[in-house]
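Residue numbers (my numbering): 631 to 858.
Working notes, beginning with the structure itself.
So this is what it looks like as structure tokens:
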């Protein structure tokens, strides 16, 4: 009985994980309303066979499969048609224009002043009058465009030509060498070993994390170096 419950739990867990993967790589705050509703329903359906022994596992699998088909169908139609996307997801709403709050749009979206100020603080903005446009996106997040006089100066503003930015690549994670990244970057172990010796490292197991940037500059943090 216990083994059966464990196996059913594990199987349904895998089903939910695969289902969430099929829905795409998004955080909860980035989900559209219909996607969030489907995610909640799938979680509830997966719990039915676990909470009620009289229910077979297909009582969860069939509704989950139907929901996935519905979600993928709606997503596909949303990609193909702008009108369909507007019907399903809605349209962004302008809440701030030229430093002024648009009261009518705020009331229509049932958005309070406190909600607006909180979202501005999340964007590191302390004053409404610094905002040129504030747009409430369909997922509930606020997109903000600052007035040109309030935006930070960029290298382009100063006429500076900067090299392109690149992600750093992991070389060692928790003492394990990431061989595929070494191959992609054409890095030889001799080069890495010599570089690590400068940090007093003679064994990869001593390294908690190491990465290299686009200038081939190595970042190394040894195990136990920073525990807090």
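Backbone N, C-alpha and C fix where the C-beta goes; we use that ideal spot for every residue, glycine too.
Exercise. Can you tell me whether residue 690 is buried or exposed, with buried defined as 16 or more other CB within 10 angstroms of its CB?
Worked result: buried
Exercise. For residue 668 versus residue 697, is the C-beta spacing smaller than 8 Å?
Worked result: yes
Exercise. Which residue's Cα is closest to the Cα of residue 639: 756, 676, 814?
Worked result: 676
Exercise. Leaving out the 5 sequence neighbours to the left and right, which residues in its chain are closer than 6 Å to residue 642 when beta-carbon positions are compared?
Worked result: 676
Problem set entry | Between the CA atoms of residue 804 and residue 733 - distance to the nearest angstrom | 53 Å
For this session: Check whether the Cβ atoms of residue 665 and residue 722 lie closer than 8 Å to each other.
Result: no
Exercise. What first and last residue would you give for the alpha helix (DSSP H) that runs through residue 706?
Worked result: 688-710
Exercise. Quick check: the stretch 839-851 against the stretch 817-831, are there 3 or more CB pairs under 8 Å?
Worked result: yes
Exercise. Is the stretch 756-763 in contact with the stretch 726-740, if contact means three or more CB pairs nearer than 8 Å?
Worked result: yes
Problem set entry | Nearest-angstrom Cβ-Cβ length linking residue 646 and residue 672, presumed shorter than 8 Å | 6 Å
Exercise. Is there contact here, the stretch 735-749 with the stretch 766-783, by at least three beta-carbon pairs under 8 Å?
Worked result: yes
For this session: Let me know the secondary structure DSSP gives residue 674 once reduced to three states.
Result: helix
Exercise. Out of 719, 837, 636, which has the shortest C-alpha to C-alpha gap to residue 687?
Worked result: 636
For this session: Check whether the stretch 772-783 touches the stretch 821-835, counting contact only when three or more Cβ pairs, one atom from each stretch, lie closer than 8 Å.
Result: no
Problem set entry | Residue from 755, 787, 704, 778 whose Cα sits closest to the Cα of residue 772 | 755
Exercise. In three-state terms, what does DSSP make of residue 847?
Worked result: coil
Problem set entry | DSSP three-state assignment for residue 838, whether helix, strand or coil | strand
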